[in-house]
Structure formats: C-alpha cells, structure tokens
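Going down the list, the protein sequences come from chains A and B. The numbering used here applies: residue 366 is where the first sequence begins, and numbers increase by one. The numbering used here applies: residue 1396 is where the second sequence begins, and numbers increase by one. Positions of the beta carbon are idealized from the N, C-alpha and C atoms, including for glycine. Predicted model only: the values in this text are computed from it and were never measured.
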Amino acid sequence: MRFMYIVTSPQPMTGPTPALMEAMGKLAEREIKAGRMIDNGGLMPLQQGARVSIVGGKLGVTDGPFVEAKEVIGGYAIFELRDKAEALAMAKEFMQLHLDHLPGWEGTCELRAFASPGVDIGCEIKSPAHA
Amino acid sequence: MTAADIHAAILAAWRIEQPRLITSLSRMLRDVPLAEELTQDALVAALEDWPKSGVPERPGAWLMATAKRRALDHLRRGKMLTRKHEMLALDFEREQQAMPDFDASLDDDIGDEMLRLIFTACHPLLSRAARAALALRMICGLTTQEIARAFLIPEAAVSQRIVRAKRTLSESGLAYETPRGEELSERLASVLEVVYLVFNEGYTAARGDEWHRPQLCNEALRLGRMLTAIAPLEPETHALLALMELNASRSAARTDANGDIVLLMDQNRARWDRLQIGRGMRLLKQARALGGGAGFYALQAAIVACHARANGADDTDWRAIAGLYEELLALVHSPVIELNRAVAVGMADGPGAGLALVDGLVDEPALKGYHLLPTVRGDFLERLGRHDEASAAFESAAQLTANKREQEMLRRRAATAKNATQR
C-alpha cells in the first residue's frame, strides 16, 4: 500500500533545528535503504507558490499576496508499506523525532492511502462487460 | 484498541526495526542464525509486555535494548563463553556504559550491514526455496505463518526449511562479510535470482485460486528498492527493479472484476500505472548508464518496456522484442526464452512463422509439462483457423497448470475454439 504523509502546523514555519534535521536525515536514509520510502520533501510557504481555482464556473488565479494561512503544509513523504499498522508506526516514529528535537512545536502528520489503480474511485467510466 | 490492533501495531514496529536488530546482533555474536533467533525473542517479549504496558514511546530502542540484552545473556552463558566471546561481552558492556543511549549507537552505515545480511540469507549454499524463505523472514520480517500463506505451503514445511537453512549457515562457518571482486557478481546473481523468484511467485502464482498475489510482489519490489539503494553501482540491481516495476505496473489490468485473467493483448492500458512505468523506465536507463544494458535483467526489462511504450498490440514493436529475445538467448540458452521469442516472431511475421518455431520445441525435455507451450501453440493454431487443433492444445494446457484461474481461462479458450469449428 502506498501512503502519503502530509505534515501541517498552525505555527509559522521556522525551519527544523539542526538536531531535528539530523534525526530526520537518519530516518530517511534508513527508510530509503529499507526500500520503504519512495519520495519526500519539504514545501515552501504558499507565498512562493500560487492558487488556481474554479468558482462559479470561472477559472481564477491567486498569485499572492496571501493572508497568513491557518495551517501550513511543511512537507510530505511517500511510502510503500505493508499495511496501515506499519504506516501508523512510521508516522509515530517521525513525529516522536519532532517531540524530541523541536520543543514547543505543534503540528499534525496526516497519512493517506493512495487509491490503487485497480480500485475505482469514481472518475473512471466503466465500459460494459463484453462476452 | 482491540487485541488484534495491538498485535498489528507490535508487529509493525518490530518489522521496521528488525533488520537493524539482526545486523547489530550479528556483529556482536558473529552468528547470523543465532542473531535472528534472539531477534525473534525480542518480538516475543514485546508481544508479552506491550499489551500490558502499552507500546513504548521509542519502540525501536526498546526492541534493540531487549535484543542486545538477550545477546549479552547468551554470551555470558555456559559453553558459548569462550575467551573471545568474553572479550566481546566486555567490550560491549563498556560501550553500553559510555553510551547508554541506544539511539546514539545507530549504525553509521546501514547499507553495508544490510548488504552483508542479504548476502548471508541468499547464500548459494542454500536452495532457492530456502533462500527465498530466509530473505522473507530475515529481511522483510515476515512470520513463518505469513510465508507459508504466501507460498501456499504448510507452516511446518516452511519452519523446517528455515531451521535447516539456518543450520547449514551455522555449520558452514561462513564469514559474515560482503563479498568483493569477482565473487561479488556471482553472489549478487544469487540474491537477484531469489528476489525475482519471490516476485514471480506473486505475479503469476504457480498454484492456488488466485492468479496474482500482490503481497509477494510488494515484498520483492521492496527488496529490489533496497538493493538499488545499498548497491547503487551494480547495473543489474537497477535492471531487476526496472523489470519488476514495469511488470507490476500492469497489475490492475491483469484481472477483471471477477478475478479472471485478462491477457496482455486484451488489457485496458489506461489501467496501467503510469507512475510505475516512469520509474521502471528511469531505472532501465540507469542500468544502461552503468554499462549494463545487455545484462540478463536489463534485456528482459527492455522487452517489457517495449510493451509499456505501446498503445496496443498493433502498435508494439514486435521485431525489436524478437531481437531482444535473441540477445537474451545468446546470454542464457533456455527453451522458455525460445518459446517467448516464438511469440514475438509470430506477432512480427505471422502465426505460421511462430508455429514453426514452437513445433521445433515440442520435444524439448525442459518444456515437458510446461503449460505455456500448448497455450502458445493453441494461440497460433487459432489464428491460422485450425480451430480443432487449437481447442485440443488449450485443453492439454489446462491439464498442465495447477493455477485455478489459468485453468478456467484455458478451458474458456478451448470452448471458444471448439465453437468456431462448428460454425
């Protein structure tokens, strides 16, 4: 099962401490070498990005300035894991590092299972079964 | 949390830590099978303690401490306490006093340690089946029960296989080290072979009710990723992973809603996993960049890549595929590869040309009892309009396979061919 981890925090992004960076680096190395981590990365604030949305049948682009967002997405990771229990264990280990190395920080790590191509999630039009 | 949830959580935490537990203990004890056993003991301890005390904050550190304590006890105990072990134990205790934090003693190079462990589990001294069982157990952390379920064999048979394999390793007095130089490529081949065996058992199950058992494919893919990460300069590790990713990209399209088999030519290619194809293509490119484009796995990956690139059977470069099979044949002479080449030639030059090649293989002893030979023959005969003979070929193929889904599909094809005769 493929999982995406999204880390969000209500606090303004200050960047990880060197100790956290080192701990996360070690974890990432272990997970890549264990064949479990497929990809990961930190995300810059929305200020450096943009928003393209559709409202009322119209395409709209918001290219800043943005009002300070309530939740900042700080980073993501993609893992290939056996089951949800393994995914949970991984998220807890990752968050424990923040607890240990970034005192005072608050945030959430959300884990989401990928829809596998075999599972219809409502956007595929089924052709009638043929004989 | 229910008891089952706690059990799953414990197993998950243990699996994440397990390879490092084994490598650390192997270094302490200089004995991989013993290290594996004591690692299992740490799991048993967790299964006893954690339901009462709760999962610790740092489950990995808990497991490591427990496993190391067991190893120390073992070193201290009875007959095993030779002078060498005594010194080892002493060193270790000093190390523990100086560094009580287990996290701090994390291995500096997990890669080298893992590689050493994989080379031990997949030692050519062991049979292929034993290597597969040991790799799944020691590197993927599967339980004996899970391995038995995955291969559809009795649990007792698996545990016996593992016990025997471990005894062979212990008695052989093998050095726990990474092979170098010429020995490396030979030993690496033995590892890759096992990974591919695990993948294939999942991809086209030899037995059972389901044609496809994704769990084994996923374990093999994980092992493959591990190998590319810890042995990044070996072209064949990238090529094998490319081959597996490209094959696995078709998983969702290989069976229909009823679990029945859909053959490559009939698959809905929109259901192929494009991300996975992209990964496979990049890996193949990497293997070529490392000078391994003509390797055993690279050639096979190149064949699958031809399919991945095409929009359908008509759009497939069958001549290129036939050429790649020819290259593969020059590398390893195998009747199975000749049979595959016949399929490609049949697509490039017509069913007559393909059938001529297949008929040349009928008396091949290695293909006696191989159900794909009559399957391919049936396919060519069908396309040549020789429906009676085609039906008979599919029927004999159905009798040769032990997989239920495959049997059903072949019986369907036999019936279709028979109906065509009567028309």
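| query | result |
| --- | --- |
| Nearest to residue 1729 of chain B (by Cα), restricted to the options B:1563, B:1691 and B:1817 | B:1691 |
| Any chain B beta carbon closer than 7 Å to residue 400 of chain A | yes |
| Coarse secondary structure for residue 402 of chain A, derived from DSSP in three states | strand |
| Alpha-carbon spacing of residue 1665 of chain B relative to residue 465 of chain A, whole angstroms | 46 Å |
| DSSP state of residue 1572 of chain B mapped onto helix, strand, coil | coil |
| Where the alpha helix (DSSP H) containing residue 1819 of chain B begins and where it ends | Chain B is shown only over 1396 to 1818; residue 1819 of chain B falls outside these bounds and no answer can be derived. |
| Under 8 Å from the C-beta of residue 1414 of chain B: neighbouring residues of chain A | 399 |
| Any C-beta of chain A under 7 Å from that of residue 1806 of chain B | no |
| Beta-carbon proximity of residue 1760 of chain B to residue 1792 of chain B, cut-off 7 Å | no |
| Within-7 Å CB hit, residue 1536 of chain B to chain A | no |
| Beta-bridge pairing of residue 374 of chain A - partner residues as DSSP gives them | A:437 |
| DSSP three-state assignment for residue 369 of chain A, whether helix, strand or coil | strand |
| Proximity of residue 1671 of chain B and residue 1640 of chain B at Cβ, strictly below 7 Å | yes |
| Under 7 Å between C-beta atoms of residue 1454 of chain B and residue 1561 of chain B | no |
| Euclidean distance between Cα positions of residue 1412 of chain B and residue 1458 of chain B | 8 Å |
| Proximity to residue 457 of chain A [Cα-Cα], best of A:373, A:474 and A:417 | A:474 |
| Near-chain A residues of the segment 1517-1541 of chain B - C-beta to any C-beta below 7 Å | none |
| The segment 1431-1443 of chain B touching the segment 1460-1473 of chain B, judged by at least three CB pairs closer than 8 Å | yes |
| Segment contact, 8 Å Cβ cut-off, at least three pairs: the segment 1566-1580 of chain B with the segment 1611-1620 of chain B | no |
| Interface partners of residue 1455 of chain B on chain A, CB under 8 Å | 458 |
| Other residues of its chain near residue 460 of chain A: CB distance less than 7 Å, five sequence neighbours each side excluded | 474 |
| Min CB distance residue 471 of chain A to chain B below 7 Å | no |
| C-beta neighbour in chain A for residue 1500 of chain B, strict 7 Å | Legend: pLDDT at residue 1500 of chain B = 40, less than 50; position of this residue unreliable, no value from coordinates given. |
| As assigned by DSSP and simplified to three states, the class of residue 1396 of chain B | coil |
| Alpha carbon of residue 1715 of chain B to alpha carbon of residue 1682 of chain B, nearest angstrom | 19 Å |
| For residue 1735 of chain B, three-class secondary structure by DSSP | helix |
| Contact under 7 Å by Cβ, residue 1762 of chain B with residue 1756 of chain B | yes |
| Near-chain A residues of the segment 1426-1451 of chain B (beta-carbon distance less than 7 Å), N- to C-terminal order | none |
| Host beta strand (DSSP E) of residue 419 of chain A (start-end) | 416-420 |
| Buried or exposed by the 16-neighbour rule on C-beta atoms within 10 Å, applied to residue 1746 of chain B | buried |
| For residue 1740 of chain B and residue 1717 of chain B, the rounded distance between their alpha carbons | 6 Å |
| The segment 375-400 of chain A: positions lying closer than 8 Å to chain B by Cβ | 391, 394, 395, 397, 398, 399 and 400 |
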